[in-house]
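The structure appears below as structure tokens.
Numbering (our numbering), first residue to last: 940 to 1325.
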């Protein structure tokens, strides 16, 4: 049943499930199947660690870029791995804060998994803690850690733009925001919401948090972190960790789906949130598939390195041939031999050796079918040999 809250200045605010469960079930099943398939992969511990590191970087980069950040994933990694003294100013502090907030969310989700509770129970304290971590130490008057908005007279908060479904005016006064956040948490923890799959409950939490838009700044980051926490706590950790990359890649559809669901509240209240939840579920599906491909690629790389090490150990190849095969094994596309031979490491490797030695190495790699050459001359590692 919808939860209708009468506010002081913003009229009636209604929390709906607003999903056509029968229509969305095939997509839900597809996401669940993809996750089970991915979870069944025999992923080595080192690869699991690498995946978690990559998804953390991808998530922080995605959510930060959505909010106007300009750092690359490599630059973000440098910030995360820096000492605290080097991350106290400017954008570096914002990235450092995000990394701490992500870790806090992960820790809280894992604590919930260790209990017998049905699902992650959201509290206002948890939401305020996320905002405090995101906002801490940032020299910007918009950031007021753990404080709900209280717009002064003459200042109106607006969300969105005309190009993505219109401009939305969320509740403006502190008393309404505080009241709605209390009811929001109660609604999220209600039997109706807890009985839903986490793949639906999490997007609804994300959506209605953004509808209330309780803080002066940082709402998008907190809303996506809240969604992520609910998913990780329910066991859908990889969907939660990687979804920010999808939001960034499809940012226009992200805002359009949000505004379409908002407008449908008056037109079709029974299914008003379908557009946003369906968009997010498609994101989960894409995310799991992307991570599946990445895990396969990492595992293939491990197999290639083991194979090359065994060839070298048994003197089936020499050290120079090992270097060439290792390079080819790390490429995603066939390599032009002429271009390969212009690379600095290749020229240095053969600098003091005769052309005959170089020719013998290449003849050996080709004659033993360790590499495959296409009709246009491009070469690849022979995957059938691995």
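Backbone N, C-alpha and C fix where the C-beta goes; we use that ideal spot for every residue, glycine too.
Should residue i be labelled buried (16 or more other beta-carbon atoms within 10 Å of its own) or exposed?
i	result
residue 1038	buried
residue 1222	buried
residue 1316	exposed
residue 1232	exposed
residue 1168	buried
residue 1239	exposed
residue 972	exposed
residue 1102	exposed
residue 1046	exposed
residue 1152	buried
For a quick check, are the C-beta atoms of residue i and residue j less than 8 Å apart?
i	j	result
residue 956	residue 1070	no
residue 1004	residue 1119	no
residue 1095	residue 1088	no
residue 1060	residue 1234	no
residue 1063	residue 1121	yes
residue 1181	residue 1293	no
residue 1260	residue 1303	yes
residue 1163	residue 1189	no
residue 1237	residue 1319	no
residue 961	residue 1159	no
residue 1177	residue 1186	no
residue 1230	residue 983	no
residue 1140	residue 1076	no
residue 1083	residue 1155	yes
residue 1043	residue 1021	no
Starting from residue i and walking both ways along the beta strand (DSSP E), at which residues does that stretch end?
i	result
residue 953	951-954
residue 944	942-945
residue 1318	1318-1320
residue 1311	1310-1312
So residue i is in the alpha helix (DSSP H); what residue range does that whole segment cover?
i	result
residue 1289	Careful: residue 1289 lies outside any alpha helix (DSSP H) and carries neither H nor E.
residue 1226	1213-1252
residue 1018	1012-1019
residue 964	960-978
residue 1001	984-1005
residue 1105	Not the alpha helix (DSSP H): residue 1105 falls in the beta strand (DSSP E), residues 1105-1107.
residue 1274	Counting along the chain, residue 1274 falls outside any alpha helix (DSSP H), and DSSP gives it neither H nor E.
residue 957	Premise fails: residue 957 is in no alpha helix (DSSP H) and is neither H nor E.
residue 906	Not covered by the structure: residue 906. The range shown for the chain is 940 to 1325.
residue 1123	1113-1127
residue 1203	1190-1206
residue 1298	1294-1306
residue 1008	Neither: residue 1008 is in no alpha helix (DSSP H) and is coded neither H nor E.
residue 895	The structure shown has nothing for residue 895, since the chain only spans 940 to 1325.
residue 1036	1029-1052
residue 1145	1137-1151
Since residue i contacts residue j with CB under 8 Å, what's their CB separation in whole angstroms?
i	j	result
residue 1137	residue 1173	4 Å
residue 952	residue 944	5 Å
residue 1066	residue 1040	About 11 Å separates the two Cβ atoms, so there is no contact after all.
residue 1243	residue 1325	6 Å
residue 1166	residue 1142	6 Å
residue 1281	residue 1289	Not quite, the Cβ-Cβ distance comes to about 12 Å (not below 8 Å), so this is no contact.
residue 1034	residue 1015	6 Å
residue 1305	residue 974	About 43 Å; that fails the 8 Å criterion.
Counting only runs of 4+ residues fully inside the region 1061-1103, write out the alpha helix (DSSP H) ranges in chain order.
-> 1063-1074
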